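Student: Numbering (full-length UniProt numbering), first residue to last: 1 to 171.
Quick reminder that beta carbons are idealized off the backbone N, C-alpha and C, glycines included.
Please read these numbers as outputs of a predicted model, since none were measured by experiment.
Here it is, the structure in full.
As structure tokens, this is what we get:
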């Protein structure tokens, strides 16, 4: 069965509720993608305003997500969403640029642990400052209340679990 047959077969048996759910689901997918791209734009703009062209938005988010921790590349991948990004490549670049230091794990020599240098901490603090400014104005300017974030976060966590189950159980 090809995609056209699958789509037409699905739509022949769809109820109005299914059609509404499909529309809302596809809209949510587009929003998730657009919001991530927009976050990268916001971070890039912050760095441009601060005269920082030595690092890109993905790399800045990696540094922010490392924070005070000492992590492996795998742990970083699971903590953040780096759309179209090669985490290993970016970590290598960040080491070369002096933003992070790396050290082989004492227990597993195959594993490399990374942490921020002073230079990396400055970048992470710049991103943290941006987020703090957003927190201070998002309710008043953006019109989004804490309760709405709670509801949105709960729905996004359930969507994340659903997608994980889709992969694990090949749904």
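Going by DSSP, what residue range makes up the beta strand (DSSP E) through residue 123?
Tutor: The count along the chain shown starts at 1 and reaches residue 123 at position 123. Element bounds for residue 123: not the beta strand (DSSP E) but the alpha helix (DSSP H), 118-137.
Student: Between the C-alpha atoms of residue 118 and residue 103, what's the straight-line distance to the nearest angstrom?
Tutor: The count along the chain shown starts at 1 and reaches residue 118 at position 118. The count along the chain shown starts at 1 and reaches residue 103 at position 103. Those two C-alpha atoms are separated by around 16 Å.
Student: I'd like to know whether the C-beta atoms of residue 115 and residue 70 end up nearer to each other than 7 Å.
Tutor: The sequence position of residue 115 within the chain shown is 115, counting from 1. The sequence position of residue 70 within the chain shown is 70, counting from 1. Contact: yes.
Student: What are the partner residues of residue 115, as DSSP defines its beta bridges?
Tutor: Locating residue 115 in the chain shown gives position 115, counting from the first residue. DSSP output for residue 115 lists 101 as bridge partner(s).
Student: Spell out the partners DSSP gives residue 71 in its beta bridges.
Tutor: Here residue 71 refers to the residue found at position 71 when the chain shown is read from its first residue. DSSP output for residue 71 lists 114 as bridge partner(s).
Student: Tell me which residue opens and which closes the alpha helix (DSSP H) that residue 23 is part of.
Tutor: As a first step, residue 23 must be located in the chain shown, where it is residue number 23. Residue 23 -> alpha helix (DSSP H) spans 16-49.
Student: Leaving out five residues before and five after residue 37 in sequence, what residues of the same chain have Cβ atoms less than 6 Å from its Cβ?
Tutor: Position 37 of the chain shown, counted from the start, is the residue given in the question as residue 37. Excluding residues within five positions, none has a Cβ falling inside 6 Å.
Student: Are the Cβ atoms of residue 120 and residue 100 separated by less than 7 Å?
Tutor: Along the chain shown, one-based indexing puts residue 120 at 120. Along the chain shown, one-based indexing puts residue 100 at 100. Contact: yes.
Student: Considering just the uninterrupted stretch of the alpha helix (DSSP H) at residue 165, what are its terminal residues?
Tutor: By one-based count along the chain shown, residue 165 stands at place 165. Run containing residue 165: 146-168, per the alpha helix (DSSP H) assignment.
Student: Kindly indicate which three-state DSSP category residue 52 falls into: helix, strand or coil?
Tutor: Walking along the chain shown from the start, residue 52 turns up at place 52. Three-state result, residue 52: coil.
Student: Where does residue 141 sit, in a helix, a strand or coil, going by DSSP?
Tutor: Here residue 141 corresponds to residue number 141 of the chain shown, with the count starting at 1. Correct three-state label for residue 141: coil.
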